[in-house]
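Worksheet: one structure, shown below.
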Amino acid sequence: MNIFKVKFLIFATFVSILMSNKVNAKYIFVSNENSDTVTVLNSADKKIIKTIKTGGRPRDIKISNDKSKIYVVVSEENHIVEIDISNLEIVNYIESGDDPEIFDISPDGHILAVSNEDDNELTIIDIKNRKKIAIIENVGVEPEGVNFSLDGKYIFVTSEGTNSVIVIDVKQKKIINEILVGNRPRRGILTKNGEEYWVSNELNGSVTIISTKTFDILRNIKFTIKGIRDQNITPVDFAYSEKNNKVYVTLGSANYVAVINSLNYKIENYILAGSRVWGAALTKNEKQLIVTNGNSDDISIIDLQKNITISSIPVGKTPHTVRVIK
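Sequential numbering from -15 applies to the sequence shown in the working numbering.
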């Protein structure tokens, strides 16, 4: 083998290792609603490594099933940007309908469903072809939260204006049920292997738990914090630790995160975070919870063994959603 081939092989191996490290890198992504950016942090040391310009009002973020890309809703641009995790660059734009807000990716990774707040619609998109395949109309006034069931058969949509959860049959692409919940439902999360759907009721200061088998309401959990008025307890987002049987709920203007035991439904703790705590995500080992604070323009790192905030990191203006590559 001549010297040039040897050098080429060494160089190719180096590039391969470098690209592999980038693909396998562990990042934290934060959308900044009023900075029109996504902040990227190293998940190990929590240092900011890049700021990605997205355009007007980035909000929800999802990670592709193969963890090679992230998708970010850009509400004022009426599209979703696709970011390649290997180089942290925008590689595609997906038209999403007017004023997209929250979305989810199907369990098989083939389609995504996004709420269109202004039009009271849900848009379903083929991810590979970046094409709309269905628009579901009349999904309540101001639809927001979107979640696929774990078997991919249903989509749950929270409707802020009609105080309900809309259930959509994915195969038929039609509404099959509407479940009345609390006042101004915001987000939802599946727990217990997908058997329960938890919904945050922002103006009730509560969570409603729904059976995904019968669509019946199983129970409601009301939040109360000493020294804080009920109207300032405004639950929004969730994170769920199945191995620890915990559900974490951000409480908005209360500036606290609630810790709920998912087995007995008891509130175990309230953890002080930043100002208007909003989005939430667990780290890979589930020892830390990361939350966005919309009024203090930072994220809080919460130690879940001690149940305290251990650090705050400035990001952009009005951070909305946080996601962690695990």
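Built from N, CA and C at the ideal position, the CB exists for glycine as well.
- Taking the Cβ atoms as the reference, Asn104 lies roughly 18 Å from Glu79, outside the contact range of under 8 Å.
- Within its own chain, the residues whose Cβ lies closer than 7 Å to the Cβ of Leu256, once the five positions on either side in sequence are excluded, are Asn239, Tyr240, Thr293, listed in chain order.
- Bridge partners of Lys158 according to DSSP: Asp153.
- Taking a cut-off of 8 Å on C-beta distances, the stretch 92 to 106 touches the stretch 123 to 143, as three or more cross pairs fall below it.
- Contact between the stretch 104 to 113 and the stretch 166 to 175 is not established, with fewer than three Cβ pairs separated by less than 8 Å.
- For Arg170, the enclosing beta strand (DSSP E) has its first and last residue at 169 to 175.
- Scanning its chain for C-beta atoms nearer than 8 Å, with the 5 sequence neighbours on each side dropped, one finds around Ile86 the residues Arg43, Asp44, Val57, Val98, Ser99, Glu128, Gly129, Val130, Arg171, in chain order.
- Going by DSSP, Asn16 is part of the beta strand (DSSP E) stretching over 11 to 16.
- In the structure shown, the three-state DSSP call for Asn277 is strand.
- Asn253 and Thr175 have their C-alpha atoms spaced approximately 19 Å apart.
- Per DSSP, the unbroken beta strand (DSSP E) holding Asp110 starts and ends at 105 to 110.
- Ranked by Cα distance from Asp20, the first of Lys310, Pro303, Val231, Val308 is Pro303.
- Minimum Cα-Cα distance from Lys10 among the listed residues Trp262, Asp282, Thr267 corresponds to Thr267.
- Comparing C-alpha distances from Thr35 to each of Asn228, Asn76, Gly263, Ser15 shows the shortest one belongs to Ser15.
- Between Val233 and Thr276, the CB-CB gap reaches or exceeds 7 Å.
- In the three-state DSSP reduction, Asp200 falls in the coil class, being neither helix nor strand.
- Here Thr196 really is in contact with Glu180; their C-beta atoms are around 7 Å apart, less than 8 Å.
- Closest in alpha carbon position to Ile205, among Gln215, Leu72, Val191, is Val191.
- When DSSP states are grouped into helix, strand and coil, Ser295 belongs to the strand group.
- No Cβ-Cβ contact shorter than 7 Å links Ile286 with Lys30.
- For Asn76, the enclosing beta strand (DSSP E) has its first and last residue at 73 to 79.
- Collapsing the DSSP output to three states places Glu226 in coil.
- In the three-state reduction of the DSSP assignment, Asn239 falls in the coil class.
- For the 7 Å CB-CB criterion, Val243 and Lys230 form a contact.
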